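What follows is a short report on a single structure.
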Amino acid sequence: MPKPVYRVYVIELSKRVFTENARFRAANPQFNGVLQCLYVGMTSKTPKERFEQHKTGYRNKKGHKLSSNIVEKYGMYLRPSLYNHLAPLNSREEALKLEGNLALELRRKRYAVWYN
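Start counting the sequence shown at 1; every next residue gets the next number (the working numbering).
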């Protein structure tokens, strides 16, 4: 079986997440309301497949919810221009690190960002 390839992806969220979700607001004190609200994640699927899982509240065979409540409620669409430049990775650990780095970089640019 081939080793999974991991990708980092970005989803644009409705700006309602900032006014309606206190945890999201608290995580993004730098947000000035001009740019978008974003979710950054990583997956071994295609970003499109993962977005669909988020929007449908996907649960795995054991019944564990694998979708983000924030994306399920506020997710609008993928933002490939913010992640297409990133190469696929061979390990989950590398992908998690890149996910965090990208999220922090986007926050520095004044986006409001949620990631796990």
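Ideal Cβ positions, reconstructed from N, Cα and C, are used throughout, including at glycine. Note that the structure is predicted; figures quoted are calculated from it, not measured.
Integer-rounded CB distance, given that residue j should sit under 8 Å from residue i
| i | j | result |
| --- | --- | --- |
| V117 | N90 | In this structure the chain extends from 1 to 116, so residue 117 is not present and cannot be described. |
| V40 | A103 | 4 Å |
| L38 | A87 | No, L38 and A87 are not in contact; Cβ-Cβ is about 20 Å, not under 8 Å. |
| N21 | I70 | 7 Å |
| Q36 | R107 | At roughly 12 Å, the Cβ-Cβ gap does not stay under 8 Å, so Q36 and R107 are not in contact. |
Sequence-distant residues of its chain with Cβ nearer than 6 Å to residue i (five each side left out)
| i | result |
| --- | --- |
| S68 | H54 |
| R50 | T43 |
Cβ neighbour criterion (16 or more within 10 Å) applied to residue i
| i | result |
| --- | --- |
| E99 | buried |
| T19 | exposed |
| N28 | buried |
| L66 | exposed |
Span separating the alpha-carbon of residue i from that of residue j
| i | j | result |
| --- | --- | --- |
| W114 | G57 | 17 Å |
| V34 | K109 | 11 Å |
| E72 | N116 | 15 Å |
Same chain, Cβ closer than 7 Å to residue i, neighbours up to 5 away in sequence not counted
| i | result |
| --- | --- |
| P47 | R7, Y9, L78 |
| Y74 | L13, S14, R16, V17 |
Checklist entry - Enumerated in chain order, which unbroken segments of the alpha helix (DSSP H) with a length of 4 residues or greater are wholly contained in the segment 15 to 103? => result 16 to 20, 22 to 27, 47 to 56, 69 to 74
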